[in-house]
Structure formats: C-alpha cells, structure tokens
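Chemist: So that we are looking at the same thing, I have put the structure below in structure tokens.
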Amino acid sequence: MKKFTIALMMLCSICVFQFSTFAQGPITLNPVAQGSHLGFDIQDIADLNNDGIMEFTLGSQGRVEIRNFNCTGIIGYGPQQWRGMTTGEFLHVDNDGYIDLAVSNTIANNIIFYKNNGSGGFSQVLQTYSSTYPFRLASGDYDNDGDEDLLVGGWHQNTYILRNDNGTFVLAATLAGTNHRAYALEWADLDGDLDLDVIIGGQITNPSGDIPIVWENTGYDTFVARWFGTYAMYQYMQYVRVGDVDADGDIDFMLCVYDGNWGKFARILQNDGNFNFTHVINVPGIFRHLADWGDFDGDGDLEILYLEPFEDPNHPGTQYAYGGHPAIYDYDITANTFTQVWSDQNAVFQHITAADFDGDGAIDFHGHWNPGVIYLNGHTLEDCGQQTPSNQDPDCSGAAIADQCAGENGTAVISGADVTGITDPDGDDLTITVSPTTLYPGTTSVTVYADDGNGGSCTIDINVTVNQATADAGDDATIYIGYPPYETQLNATGGVTYNWTPEDGLSDPTHADPVADPEESTLYVVTVTDANGCTDSDDVLVEVNDVRCGKKNNKVLICHVPPGNPGNAHTICVSPNAVPAHLAHGDYLGECTNGPNKPTTELAAENLHVTVAPNPFNNRTNIHIQLHDDANVEAAVYNMTGMKIRTLKNGMLSAGNHTISWNGQSDDGNVVRVGLYILRVTAGDESSHNKLMKN
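Have a look at this one:
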C-alpha cells in the first residue's frame, strides 16, 4: 500500500511527490532499535493499527513476516509470519479504513489477500488468486476508481496487473516482454496526466533486443512500452526508487543495477515529462547495487542514501564482500557532484530502506543485516514517539481591516499589513495578501489570503469601509492697509477639528473660523479631521492691499469708475471720509491696475483659465495657462504651510495658450517630498489655485 519510497512520494491516483515537512537543518540520525532479521529487506511499510507507529514487511524467497517498531529499542515480531511466501504488500482491499495485506507465494503459485482485523492482525482470507510464480507486488490505483489495484511481477513470467473491482481482483492487463525475474516494480505518474504508469526491472537472463522498462498507462487497461534499456546497462535491476530529483515537477527514478560487467551502480534517470529519460549519473561505488533517497535535511531536495564499500580488514587490497557503511550524500544535479553529509563508519549493512518509521515527518532509515537497525532522524530512544505535530492551517475567521480614509486622489490603498485577527496554531510567520488593494469611498468586499510558508493557508472575504473627508476653506478675501476691512474672518467646514497654517496673523489656528489680519498677502491652508478620523486640506488666499496715499499716507486710493462709462476708470486719492460715497456708486478700493479701458472686475471674469496634468504626478507635471488678454503672470508653488517653494513664472505673457512644466524641485534644486502642494497663478488681479499631488 505504502512503499518504502512513499516516505518520499504518495503513490495514489494522483502521484504528487511530497517532501518531508520537518524543519530544515543538519542531519542527525541515531540508531534506536535493533532486531534479528531473517528476511532480506523491507518490502512495504504502513501503520496497520492507526497508532502512528509503522509496521513493515520483511521478505525473502522463503518467508514473509510483519515486524513492528514501537520505540522500545527492539524491532519486534509482528502477529504473523508466512512461510513459503516471497512478497508482502500492504493495500486497501475493501476500503474499511484499515490497511489489508497481499502476499505472493511462488511455491503454491497464488496471491492471497488478507483482511486487517483492525489491530494489525491478518487471518481472514478475502481472496486467493491463482498465479504462476508471482514474485514481486506493488499497489496503486491505476484506473482512478478509488480502489487500489495490484502490479504483479513474475519469476520468468510476464508482469501483469490485477484490477480491484470492489474488493475482488481480476486480470486487467499483461505486459508482454517482461518475462524475467521482476525484482523492481513501481507505479508513478511519469507524464503528469494523473494516471499511474509502470516501471519494471529485474534480472534478464535471455535478452532479445532492448528491455522495456517504462510503460505508459493509456487508459482502458492498456499499457504501452515507452522507454527501453540496453542489456549491457540494465541486465540486472534489483530496486527502483522514484522521486523528483531535479525539482522540476516531473517524477524521475533511480535504478539499482548490475551492468554487463557486474559493476554495481545506482543509475539516476531524469524525466522530461514525455517519457524521455536521461541517464545523468551513476551513484558510485555502492555495495550490492542498493541505494535509496529522501529529503533527510528538510531543505526540499533529495539526498542519496547508499552503502559504501570498504576494504576487507582480513584481506587487504580487496573489498569487503558482505556489506557496506551507510552514508548520505547531497546530490547537486546541476554540477553533477556528490557531497557527503552523513555516515556511520561503524555500521555494516546489506540492505537499506529510507522511510518515516516514527511518523514525525522526518525521513529515517532501516539498515538490514543481523541485527537490523532503525536510525531515527532527529530523535533518540529517549524521545522516540514524541511526534512532531503536522502543520495546521492558519485561522482567518477573525480577519478584519479597520475603516480606511481616502487620500487626495480619492482612493485608499491597503495591504496585508492592515489585516488583523488572523492567527496560526503553529505560531508560524504569516504572509498576508489582500485583493483588491485600491479601494474607493464606500464599502468594498476584499479577499484576504494568509500563507504560513509550510503548506498551510486560509482565505476569507471581508467588507472594508473607506471614508472621505472634504475640507472647504471658504472664499478668498481681501483686506486693506489704510482703510477697513483691516481683517477678515475665515470660515472652514468639513471637520470636527481644524488646523490652520501658517499661524501668522490668525486669532486661533485651531478654530474653524479664526480672524485673519496678516501683514502681507498670505495663502492659508486648513487641515480638517472628520468624525471618522479622516483628513483633508483646502486653502484660502487673504490678499493684503495697501491703499494708503497722499504725502502723509492719510488718504485712500480709489479706482473711480464713472457711471455708464467704465472705460474711463482711473485712480484717485481721496479723503477717508469720501470713500463711502465712492464705494456706493461703484468705485472700489485700490488702483485701477488693468489700464484705463477695463476694470479689474471685468478682467477677472474672463481672462485666466488654468489646468494641470498629470495630477497626481511622479517626476513632472504640466501647467496649462489660457489668457484672453496680455497679462503679467506669476505662477508659484506653495507647501502646505503656505511657504513659497518654487517660482515657475513671473513676467508678461501674451494672450493665448501657454504651458509651464514643474519637475518637482524647489527653487534651490532639491526634489520636494511626496505630498500635497498648492499652485497659485495670478494674471493681473485675477488668481487661480490648484492642488498638486506629488507621488
């Protein structure tokens, strides 16, 4: 049911390779359990009684037995042994929640399917299937119907497939040309089509052409040979291991072989996803062509576990014939190099199997000889059985984003940093993202996604409210030196608190309606904060006009506009006592600055039009000025404290259209900060104010 390589990869209807989930770090393997082993090697591993600790089958050509590992320091005998059997394979036969067992018998020529009684014992026979010399077994759901099927390799017989039809196994397909000793069998989705394909290897005694090794599952119980090996390189294939060695998403495999010269290798074959397999390297010098692999250090890459040969201490100059030292090498497939990361030079084994024996997510291994030894990854016998909890998903149920405030461009920008209320039961650091990130005033549904970096995630949709404050500083005003009004009362709206800048000339900068009497023309900016905590700014210009005249500056300048003849308007200097009468019939305070033929009031109504684009801007914006008549124009940029930071134009412009650019720099050449600025353009006595947003 669960191959020993399944500590690396689940061989199910969707073959997805899974790396171990324990924390990345150096490899620490401790021998914790021993037991005498009469069988040759571990054939399969599974948790038979759902206690979190693994049982496994040991098999040879004369006996299959179940052993257990229970953190006592002893590899114990299981509840049963089967003499005369060759292979024991765990699989779900009847889908009752417990893992059942199939054993092959090359003497009685049958395969017996046993039911798990729920405690890991097998006595009830579910089915006996007659078969000529059934040798090796491998289970997998090749037809994606939810039942585990069985791949059967024969002893000089063709490999065939038994389909599980609701607990009864029937012959589905025979793979011609595989009539050798089928030592190596494996299911794997080699082309990524979500169907299990087949890898078959064994001892080839009567070669006739190349050897079919990889078979494609084309559906409807049909398998087609897709990749072949030469007799010279693959005459004796004893073990196959599958895994994504190059981390490209395609399942590669490793064959433990003797070549034509009886050289011992583990050949790594790289998959391109289209049944083309490139022999990238021979794992060198392994004893008895045995190797395995697994993510021993939790870094997401496969390391190679194999038995290194060593010199026979009793026969110098010759290799020890009965075993090798276990060693783990990191394999860099790009550089095609091996680096040793762990070894035990005091241990000697004939067989090795990588698997998670204690169910903590870390890859352990079993070395077989007499005795056999289990090495736990990261555990000692004292803490054996203290399972590392599996990763849990974060909890998004409490996710919230506080009400937001729209900025000057009318939007609010949010990110994962604005999200509160998401928790992770494992204490993992979370990466939180939101969509959309730009919100407009009102209520918007936002999708929140949290990822814990260990395969856990959660998502939820929540409503986020965006509020927008609107400030109004009131109308521009003019005060005079030499005649009232000497001051003006400002009147801002839109907030619950107010802050005016600059403070010079104001009675109280924190009131909505302070009295302003500046000594010179001043652009005041008010920042309001509304009941939602949102802010906005607006500006108002208070112009100061000195209308004093006469030798003693005790008279007042008046622009006299003759009734019915405004074209003859002219400036006069009169006594303060005469001013009310002049104002009563249409004259106004100050000089007639717009020439003898056009009063200021008429010019202001039609002469100046200003637009700005782009706005907001990053590095440069263009100011478009339209004049009806020639005029002396000043264009200047002010910060939000009312300080002039850049004069863009100060001089005469002819009637027509003009464009002035601002590069976001002050008069001293420094790039100004991101934020809000005020553009003031005057043409004669007319003025225009525009807000500029620099990003």
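Under the working numbering, the first residue of the sequence shown carries the number 26, and numbering increases by one thereafter.
Glycine residues also receive a C-beta, built at the ideal position from the N, C-alpha and C atoms.
(1) What did DSSP end up calling N744 once you bin it into helix, strand or coil?
(2) Looking only at its chain, what residues have a beta carbon closer than 8 Å to the beta carbon of A556, apart from the 5 residues adjacent to it on each side?
(3) Does the region 529 to 545 come into contact with the region 639 to 659, if we say contact requires no fewer than three beta-carbon pairs (one atom in each stretch) closer than 8 Å?
(4) Suppose you measure from the CA of I650 to the CA of S686; what does that come to, to the nearest Å?
(5) Let me check understanding here. Comparing Cα to Cα, which of Q68, C574, D275 and S546 lies closest to L566?
(6) If you run the structure through DSSP and keep just helix, strand and coil, what is A213?
(7) So, at 6 Å on beta carbons, what are the nonlocal neighbours of A197 in its own chain, with the 5 sequence-adjacent residues on each side left out?
(8) When you compare each of G397, P466, D449 and N434 to D428 by their alpha carbons, which one comes out closest?
(9) I'd like to check one pair, I487 with A424: are the Cβ atoms closer than 7 Å?
(10) Taking its Cβ as the centre, do 16 or more other Cβ atoms sit within 10 Å of A48, making it buried, or is it exposed?
(11) For G709, does the three-state DSSP call read helix, strand or coil?
(12) Would you identify the three-state DSSP class for A442, choosing helix, strand or coil?
(13) Assuming contact is defined by CB atoms lying nearer than 7 Å, are T513 and I506 in contact in what I supplied?
(14) Compute the Euclidean distance between the alpha carbons of K577 and P641, then round it to the nearest angstrom.
(15) Please list the terminal residues of the continuous beta strand (DSSP E) segment that includes L566.
(16) May I ask you to report which of helix, strand or coil DSSP gives A629?
(17) Let me check one thing: in DSSP terms, what residues is V398 bridge-paired to?
(18) Using DSSP's beta-bridge definition, name the partner residues of F363.
(19) Should the region 113 to 127 be called in touch with the region 199 to 206, which here means at least 3 C-beta pairs below 8 Å?
(20) Starting from F290, follow its DSSP beta bridges and name the residues at the other end.
(21) Mind checking whether N564 and V553 have CB atoms under 7 Å apart?
(22) In angstroms with no decimal places, state the Cα-to-Cα distance between N191 and S156.
(23) When you compare the CB positions of D655 and S679, do they come within less than 7 Å of one another, or not?
(24) If you draw a straight line from the alpha carbon of K674 to that of S713, how long is it in whole angstroms?
(25) Looking only at its chain, what residues have a beta carbon closer than 6 Å to the beta carbon of D337, apart from the 5 residues adjacent to it on each side?
(26) For F81, count the other beta carbons within 10 Å of its own beta carbon; 16 or more makes it buried, fewer makes it exposed. Which is it?
(27) Would you please state the rounded distance, in angstroms, between the beta carbons of N296 and L221? I believe it to be under 8 Å.
(28) Can you say whether H340 is buried or exposed, counting buried as having 16 or more other CB atoms within 10 angstroms of its CB?
(29) The beta strand (DSSP E) spanning V305 covers which residue range?
(30) Could you compute how far the alpha carbon of N75 sits from the alpha carbon of E211?
(31) Given this structure, state the Cα-to-Cα distance separating G694 from G441, to the nearest angstrom.
(32) What do you get for Y347, buried or exposed, if any count of 16 or more other CB atoms within 10 angstroms of its CB means buried?
(33) Which residue or residues does DSSP assign as beta-bridge partners of I650?
(34) Taking the alpha-carbon positions, what's the G178 to D166 distance?
(35) Quick check on S164: buried or exposed, where buried means 16 or more other Cβ atoms within 10 Å of its Cβ?
(36) So, F290 versus I224, is the Cβ gap smaller than 7 Å?
Modeler: The answer reads as follows:
(1) Absent from the model: residue 744. The displayed extent of the chain is 26 to 720, so no value can be given.
(2) Within the same chain, A556 has close Cβ partners V521.
(3) Not touching, per the Cβ criterion.
(4) If you draw a straight line from the Cα of I650 to the Cα of S686, it comes to about 11 Å.
(5) Relative to L566, the option among Q68, C574, D275 and S546 whose CA is nearest is S546.
(6) It is a strand residue.
(7) Cβ contact annotation for A197 (same chain, cutoff 6 Å, sequence separation greater than five): I186, R188 and D246, in chain order.
(8) Nearest C-alpha to D428: P466.
(9) Remark: C-beta atoms of A424 and I487 approach each other more closely than 7 Å.
(10) Only weak support exists for where A48 lies, its pLDDT of 45 falling under 50; the coordinates are left without a value.
(11) Of the three classes helix, strand and coil, the one that applies to G709 here is coil, per DSSP.
(12) Helix at A442.
(13) Not in contact: T513 and I506 (Cβ atoms no closer than 7 Å).
(14) Approximately 51 Å, taken between the alpha carbons.
(15) Secondary structure note for L566: its beta strand (DSSP E) is the uninterrupted segment T560 to D571.
(16) In this prediction, A629 has a pLDDT of 38, which is less than 50 and means its spatial position is unreliable; what the coordinates show is noted afterwards. Reduced to three states, the DSSP call for A629 is helix.
(17) The partner list for V398 (beta bridge, DSSP) reads Q59 and G392.
(18) DSSP lists Y356 as partners of F363.
(19) In short, these stretches do not touch, since the Cβ pair count stays below three.
(20) Listed as beta-bridge partners of F290 by DSSP are V282.
(21) Position check: residue 564 holds Asp in this sequence, whereas Asn was assumed. No, the Cβ-Cβ distance between D564 and V553 is not below 7 Å.
(22) Near 20 Å, if we compare the C-alpha coordinates of S156 and N191.
(23) Contact: yes.
(24) Those two C-alpha atoms are separated by around 14 Å.
(25) Close CB contacts of D337 within its chain, under the 6 Å cut and outside five residues either way in sequence, are with T343 and Y345 (chain order).
(26) By the neighbour-count rule (16 or more Cβ atoms within 10 Å), F81 is buried.
(27) About 14 Å separates the beta carbons of N296 and L221, which is beyond the 8 Å limit, so they are not a contact pair.
(28) Counting Cβ neighbours within 10 Å, H340 comes out exposed, since fewer than 16 surround it.
(29) F302 to V308 is the extent of the beta strand (DSSP E) around V305.
(30) When only Cα atoms are considered, N75 and E211 end up about 25 Å apart.
(31) Roughly 37 Å between the two C-alpha positions.
(32) Looking at its Cβ environment, which holds fewer than 16 other Cβ atoms inside 10 Å, Y347 is exposed.
(33) Its beta-bridge partners are V635 and H683.
(34) So the two alpha carbons sit approximately 17 Å from each other.
(35) Buried, by the Cβ-count rule.
(36) Taking 7 Å as the Cβ cut-off, F290 and I224 do not qualify as a contacting pair.
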